[in-house]
Amino acid sequence: LGQVEAGLLPTLRERGANGEISPEDANAILPAIGELDPKKVLAVPKVTAADLARSGTSDAAAIKKYFNDVAAIYTTTFPSFTRDSAALRLIPAFPAGRDADANDPATVFAVLRSAFSQLKSLPVPAGFEDFAIVELTYLRSLQRIAEVLQNAERDPLAGIVAVTHLQAQTEL
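Numbering (the working numbering), first residue to last: 4 to 175.
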């Protein structure tokens, strides 16, 4: 939470100076953030092996096709992500020629649902189930983070936890 605290505390103090929040309240919020359990706040639905479509084979051709299909889904659904940390928004950068509003939460949710659905329907070669579970869990996590961020105005602490979780997932 170091980066969040560094950016949040001055913001809370500034708002306090403007009468929006007291400095005491601001100082009380930061320790509460550290005590929040991201797993409980985000409540990402679990993906299991039972959720996977399986190919029943693990020959080189099936493995190559599977990974090429995964790459195609990612590159055509959202070729890049940008993060506007000041506004705390997750915005998919849509392929050229697509009439979609990346600032519209419904569009973001539709893109994430589509990617999840497409990946889930791919036949997973034997021995690659763990990879598929990790990928599907990542997409479910992004969906849940987007939902929490959409409601961050009503639950700012959950929004902060979501942003922190997103930052941890996207760090290289």
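Positions of the beta carbon are idealized from the N, C-alpha and C atoms, including for glycine.
Answer yes or no: do residue i and residue j have a C-beta to C-beta separation smaller than 7 Å?
i       : j       : result
Ala-118 : Thr-167 : no
Ala-171 : Ile-148 : no
Arg-57  : Val-127 : yes
Ala-52  : Glu-132 : yes
Ala-135 : Ser-61  : no
Pro-108 : Gln-153 : yes
Tell me, please, which residues DSSP counts as bridged to residue i.
i      : result
Arg-57 : Val-127
Between residue i and residue j, which are expected to be in contact by the criterion C-beta below 8 Å, what is the C-beta distance as a whole number of angstroms?
i      : j       : result
Asp-54 : Leu-139 : 7 Å
Leu-45 : Val-151 : 6 Å
Does residue i pass the burial test, meaning 16 or more other C-beta atoms within 10 Å, or should it be called exposed?
i       : result
Ser-144 : buried
Does the ligand NAD have a heavy atom nearer than 6 Å to the CB of residue i?
i       : result
Glu-138 : What this structure holds is no ligand at all, so the ligand NAD is not there to describe.
On the three-pair Cβ rule with 8 Å, is the region 119-136 touching the region 154-164?
-> no
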